[in-house]
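Enquirer:
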Amino acid sequence: MLDYISMPEELPDKLPPQSIEAEQSLLGCLMLDKNAITKVADYLLPKDFYRATHQEIYQVCQELFEKGEPIDLLSVSTKLKEKNLLEEAGGNSYLTELINSVPTAAHVSHYAKIVQRKRVLRDLIDASHEIGVLGHNETEDTDILLDKAEKRIFSIAQRSLTQNFLLVKSTLEEAFERIDRLSKHQKGLRGVSTGFADLDNILAGLQSSDLIILASRPSLGKSALALNIASSIAVNEKIPVGIFSLEMSKDQVVDRLISAYSGVDLWRLRTGRLSGDGDENDFSRIQQAMGILSEAPIYIDDAAISNVLQMRAMARRLQADKGLGLIVVDYLQLIDPRSPDEPIVRQVTEISRSLKSLARELNVPVLALSQLSRAVEMRSPQKPRLADLRESGCLTGDTLITRADTGERIQIKDLVGQTDIPVHSLDENWKIKEMKISKVFPSGKKMVYELQTRSGHKIKASANHPFWKVSGWTRLEELKIGDR
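Counting with UniProt numbering, you get residues 1 to 484 for the letters of the sequence shown.
(1) Mapping the DSSP letters down to three states, classify Val440 as helix, strand or coil.
(2) Starting from Ile243, trace the beta strand (DSSP E) both ways and give me its first and last residue.
(3) Within 8 Å, do at least three Cβ pairs link the region 397 to 408 to the region 357 to 366?
(4) If you measure between the beta carbons of Val86 and Gly28, is that distance less than 8 Å?
(5) Roughly how many whole angstroms lie between the Cα atoms of Pro103 and Arg152?
(6) Can you find at least 3 beta carbon pairs, one from the region 134 to 147 and one from the region 50 to 70, that sit closer than 8 Å?
(7) Looking at the structure shown, is Glu450 part of a helix, part of a strand, or coil, going by DSSP?
(8) Span of the alpha helix (DSSP H) holding Leu134?
(9) Work out the CA separation of Lys238 and Ile437 for me, nearest whole Å.
(10) My output table needs one value for Leu2: the three-state DSSP class, helix, strand or coil.
(11) Relative to the alpha-carbon of His424, which residue among Lys413, Thr406, Leu415 has its alpha-carbon at the smallest distance?
(12) Give the DSSP-derived three-state secondary structure of Glu10 in the structure shown.
(13) Compare the C-alpha of Lys383 against each of Thr78, Ile37, Ala215, Glu130 and name the closest.
(14) For Ala89, which of helix, strand or coil comes out of DSSP?
(15) According to DSSP, which residues form a beta bridge with Leu395?
(16) Round the Cβ separation of Leu369 and Ala226 to the nearest angstrom and send it over; I've been treating them as touching at under 8 Å.
(17) Can you tell me whether Ile20 is buried or exposed, with buried defined as 16 or more other CB within 10 angstroms of its CB?
(18) Just to confirm my understanding: we take Ser231, look at its own chain, exclude 5 residues before and 5 after, and list those with CB closer than 6 Å. What are they?
(19) Determine the closest residue to Ser462 out of Lys469, Val448, Val470, with distance taken between C-alpha atoms.
(20) Would you decide whether Asp123 is buried or exposed? Buried here means 16 or more other CB atoms lie within 10 Å of its CB.
(21) Quick one: grab the DSSP three-state call for Lys238.
(22) Indicate the three-state DSSP secondary structure (helix, strand or coil) for Glu434 in the structure shown.
(23) Going by C-alpha distance, which of Ser223, Ile298, Gly417 is nearest Asn307?
(24) Taking 8 Å as the threshold (C-beta atoms), are Ala112 and Leu32 in contact?
(25) Let me make sure I understand the geometry here. Which of Lys431, Gly135, Arg119, Phe176 has the alpha-carbon closest to that of Ile156?
(26) What number of angstroms, rounded off, separates the C-alpha of Lys433 from the C-alpha of Thr139?
(27) Which residues in the same chain as Leu121 place their Cβ atom closer than 6 Å to its Cβ, once the five residues preceding and following it in sequence are excluded?
(28) Rounded to whole angstroms, what is the Cα-Cα separation between Gln310 and Val60?
(29) Who pairs with Val328 in a beta bridge, going by DSSP?
(30) Hey, out of Lys169, Tyr331, Trp468, Gly191, whose CA is closest to Asn201's CA?
(31) The alpha helix (DSSP H) that contains Gln411, what's its start and end?
(32) So Pro365 and Leu326 are in contact, right, with Cβ under 8 Å, and what is the actual spacing, rounded?
(33) Quick check on this structure: which residue in Glu82, Ala22, His107 has the alpha carbon closest to the alpha carbon of Arg117?
(34) In whole angstroms, give me the CA-to-CA distance for Lys460 and Leu451.
(35) Do Ala89 and Ala36 have their beta-carbon atoms positioned less than 8 Å apart in this structure?
(36) Beta-carbon within less than 6 Å of Pro46's beta-carbon, same chain only, minus the 5 sequence neighbours each way: which residues are those?
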């Protein structure tokens with residue numbers, strides 16, 4: 001067994017940070033007072049020690065503590081002997097020396113902090129070496145490499161934090177101040193106000209570290225509502241808001257914000273058909289809206305960000321630079337999963353967990369928009385369920401789609417990754433209109449069925465893919481021969 005931990009080759013002439021004296025004093029305290037370990041066992045690990053023999057001695061102390069056995073010279077010596085480590089640890093003479101190195105166990109926590117701090121410094125050196133190795137990896141995606149590097153540093157920061165149980169008494173004063181503050185403001189909100197009184201009454205505001213899902217069927221106003229909430233927080237509360245717009249460009253987002261604050265119809269604003277008569281003409285209202293929005297800390301990202309790894313990296317930087325009170329993600333189904341071959345339910349679960357982790361890490365609410373599957377339209381009453389967020393039906397990759405702009409017939413698998421694809425579709429009045437497929441993405445492997453119409457056309461789809469009948473949308477697995 002090596003007695004010391006080796007260093008990376010880049011720093012051969014310099015010893016790593018360590019304090020042998022603090023390690024010796026700490027171990028002496030543990031064998032001097034049987035209760036001393038209770039003050040350090042919740043955060044101090046064997047690997048926090050620099051000297052390998054000290055790691056073994058502390059490991060034995062932990063094992064004795066877990067079994068409820070006393071920790072003293074005799075018990076530690078016996079346990080080391082059972083593991084054939086006593087001689088490597090220096091024998092009974094060295095254990096006695098450790099005990100004699102401290103007169104009392106009163107400062108055990110102080111010694112533990114020194115030991116842990118030195119471990120953090122060594123970890124930083126190791127992390128720099130590992131990040132250097134990542135920098136030479138030219139095959140893996142850079143976003144994944146950056147996330148690995150950030151996680152490595154954040155893991156060191158998390159390790160250095162220690163949490164203890166809090167006595168309720170110690171939190172009562174803070175609770176009273178919070179209740180008193182809420183009472184005086186008469187808002188009754190513990191989180192950030194959404195700007196909608198009824199919604200605030202239900203949620204008590206958007207709470208820090210919460211993941212809030214705003215879901216509906218397409219074109220029912222999810223993005224508009226989310227932007228109203230975001231702008232209200234930024235304009236009225238002066239709280240920074242970060243918006244990841246995967247569906248709309250920054251120009252589209254800004255147009256919506258200007259329309260909302262100016263009262264100018266969005267269609268007229270986008271087409272330039274503005275009125276110029278009177279004091280309250282469109283241009284003056286737009287200028288007033290721009291004046292308000294120019295003071296609002298709203299940060300928009302409409303770049304080709306496609307996965308949560310990129311979002312986390314950008315959100316961390318924005319939090320460090322500007323601070324954040326809310327993150328908006330528009331929308332969930334446009335985020336690329338890490339494992340595209342997994343079933344869609346697992347993909348959505350993975351993305352949701354990552355967003356929840358982001359909310360907790362930055363201690364801000366994350367408002368994520370999501371589309372509901374057509375299943376909600378197939379039942380009565382049409383009340384959404386959690387399952388409606390998870391999985392929608394799928395067509396096979398060889399299904400042909402006719403583009404409305406070129407007339408080209410192309411397989412769906414060749415459209416993966418593309419957005420806003422023009423196609424012909426039926427509207428609610430059974431009229432053929434040009435509409436857009438928002439995004440085409442793989443959803444893993446699943447059982448598919450072949451459906452043949454009376455005219456002879458065939459289509460392959462998953463069991464839960466909806467088809468339009470005279471009576472409404474119906475899942476494939478619920479169709480019967482002869483249905484119209």
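We put the CB at the ideal spot given by N, CA and C, even for glycine.
Expert: From the atom records:
(1) coil
(2) 241 to 245
(3) no
(4) Per the sequence presented here, residue 86 reads as Leu, with Val not at that position. No, these two residues do not count as a Cβ contact at 8 Å.
(5) 39 Å
(6) no
(7) strand
(8) 108 to 135
(9) Roughly 36 Å between the two C-alpha positions.
(10) Here Leu2 scores only 42 on pLDDT, less than 50, and its place in the model should not be relied on; the value that follows carries that caveat. DSSP places Leu2 in coil when its eight states are reduced to three.
(11) Thr406
(12) Note that Glu10 scores 48 on pLDDT, short of 50, meaning its location in the model is unreliable; the coordinates nonetheless yield the value given after this. In the structure shown, Glu10 sits in coil (DSSP, three-state: anything other than H, G, I, E or B).
(13) Ala215
(14) Three-state result, Ala89: coil.
(15) Ala461
(16) 6 Å
(17) exposed
(18) Leu257
(19) Val448
(20) buried
(21) coil
(22) strand
(23) Closest by alpha carbon: Gly417.
(24) no
(25) Arg119
(26) Those two C-alpha atoms are separated by around 45 Å.
(27) Pro17
(28) 43 Å
(29) Under DSSP, Val328 shares a beta bridge with Ile243, Leu367.
(30) Comparing Cα-Cα distances from Asn201 to each of Lys169, Tyr331, Trp468, Gly191, the minimum goes to Gly191.
(31) Run containing Gln411: none in the alpha helix (DSSP H); it sits in the beta strand (DSSP E), 409 to 411.
(32) 6 Å
(33) Ala22
(34) 6 Å
(35) no
(36) If we look at Pro46 and ignore the five residues flanking it on each side, its Cβ neighbours are Gln55, Tyr58, Gln59.
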